[in-house]
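K.L.:
Protein chains in written order, with the working numbering: chain V, 699 to 833; chain B, 699 to 833. For glycine and all other residues, C-beta sits at the position ideal for the given N, C-alpha and C. Computed from a predicted structure; not experimentally measured.
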DNA sequence: TGCGATCATATCGCGCGCGATTTATATCGA
DNA sequence: TCGATATAAATCGCGCGCGATATGATCGCA
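1. Can you tell me where the beta strand (DSSP E) with residue 782 (chain V) in it begins and where it stops?
2. Taking residue 774 (chain V) as the reference, give the member of V:743, V:802, V:791, V:803 with the closest Cα.
3. Between the segment 790 to 815 of chain V and chain B, which residues of the former have a C-beta closer than 8 Å to a C-beta of the latter?
4. Quick one: what's got a C-beta closer than 6 Å to residue 735 (chain B)'s C-beta in the same chain, skipping five residues either side?
5. How long is the line joining the alpha carbons of residue 710 (chain B) and residue 755 (chain V), rounded to whole angstroms?
6. Where do the ends of the beta strand (DSSP E) carrying residue 773 (chain V) lie?
7. Exposed or buried, what is residue 811 (chain V) when buried is set at 16 or more other beta-carbons lying within 10 Å of its beta-carbon?
8. I want to verify the contact list: residues of chain V whose CB lies under 8 Å from the CB of residue 823 (chain B), in sequence order.
9. Thinking C-alpha only, which one of B:791, B:759, B:748 is nearest residue 769 (chain B)?
10. Assuming residue 714 (chain B) contacts residue 833 (chain V) (C-beta within less than 8 Å), just tell me the rounded distance between them.
11. Considering only DSSP beta bridges, list what residue 742 (chain B) is partnered with.
12. Between the segment 820 to 830 of chain B and the segment 802 to 809 of chain V, do three or more beta carbon pairs fall short of 8 Å?
13. Relative to the C-alpha of residue 767 (chain B), which residue among B:732, B:823, B:739, B:804 is closest?
14. What are the start and end residues of the alpha helix (DSSP H) that includes residue 756 (chain V)?
15. The alpha helix (DSSP H) spanning residue 711 (chain B) covers which residue range?
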């Protein structure tokens, strides 16, 4: 069962990240939002959702919690009042340095070489897009 | 990011299963419980949890919903009153026939050959056990 | 026998994921 | 210009995943 392997491995991955993220006060999905913002700041909610595969029903409360934690700010666009723009705070930006240590821990826990990891990532990503097309 | 690929692919997989399981009144985790019971019926809650990587805080309410839906029965063991044994009902057993059709749909959606799929499954399963050891 | 430790399951609270609906703003056409 | 339509985000309800705690049954050992 490929689906069960994915299900289990995903859970194992979040369990691996949990104790690493806990000292930073982050959940795993919140961490993914930060990663997205580190690569490109000042995103609208919809753009974040498109990248993460989440809708506003998930993102809105999640981003509110991150805003309360002082990691991001949420502000209506002046040009289009419908749009909410999410921006990193200094605190949110500063966490990128910590993240590198986490990435190292996770990489070591996989027991894979850089090449194996990249190959597996690409295969899974291809599976992902293939399934998304059949959705 | 291997972790994000896993996260996304897992979500894509559950989205793929959702419309297939909906007519049967099943959620994806409930389907996994059925799969486990189809391979071996009359399991205690803890044994199911070990196979699925879930604890009773998740399984107990899930199994109660499945019992309400008439898919399984839950009964205390006479020998050891602490143990709850989960058994398939006729209705739960009958769904195995439907499941074969679902498996076919999912397989086709992956766009993979049988060999590729088995290989990818094994790689992900190995990653899973490797991470579990580092937990 | 009785009492503390252990074990199996259950309960509680919170964050996430999502289908369905709502609110508010923007856009387009008669 | 105005009204229908579209768009962005928010809200609601429910199921899942899990840390923490509780309840109740069994076991071990003096």
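P.N.:
According to the structure data:
1. To locate residue 782 (chain V), count along the first chain from 1; it is residue 84. That run of the beta strand (DSSP E) goes 782 to 786.
2. By one-based count along the first chain, residue 774 (chain V) stands at place 76. Considering only alpha carbons, the answer is V:743.
3. 804, 806, 807, 808, 809, 810, 815
4. Along the second chain, read from residue 1 onward, the residue named residue 735 (chain B) stands at position 37. Cβ neighbours of residue 735 (chain B) beyond the five flanking positions: 786.
5. Along the second chain, one-based indexing puts residue 710 (chain B) at 12. Along the first chain, one-based indexing puts residue 755 (chain V) at 57. Rounded to whole angstroms, residue 710 (chain B) to residue 755 (chain V) spans 17 Å at the Cα level.
6. Position 75 of the first chain, counting from 1, holds the residue named residue 773 (chain V). Here the beta strand (DSSP E) through residue 773 (chain V) covers 770 to 774.
7. For this step, residue 811 (chain V) is matched to residue 113 along the first chain. Residue 811 (chain V) comes out exposed.
8. For the purposes of this step, residue 823 (chain B) is identified with residue 125 of the second chain, where counting begins at 1. Within chain V, the residues near residue 823 (chain B) are 703, 706, 707.
9. Reading the second chain from its first residue, position 71 is the one you call residue 769 (chain B). It is B:791 whose Cα lies nearest to the Cα of residue 769 (chain B).
10. If you number the second chain from 1, residue 714 (chain B) lands on position 16. If you number the first chain from 1, residue 833 (chain V) lands on position 135. Sure, about 6 Å apart at Cβ, within 8 Å.
11. Locating residue 742 (chain B) in the second chain gives position 44, counting from the first residue. DSSP lists B:783 as partners of residue 742 (chain B).
12. yes
13. The residue given as residue 767 (chain B) occupies position 69 in the second chain. Cα-wise, what sits closest to residue 767 (chain B) is B:732.
14. For the purposes of this step, residue 756 (chain V) is identified with residue 58 of the first chain, where counting begins at 1. From DSSP, the alpha helix (DSSP H) with residue 756 (chain V) extends over 754 to 766.
15. By 1-based counting over the second chain, the position of residue 711 (chain B) is 13. Its alpha helix (DSSP H) spans residues 700 to 719.
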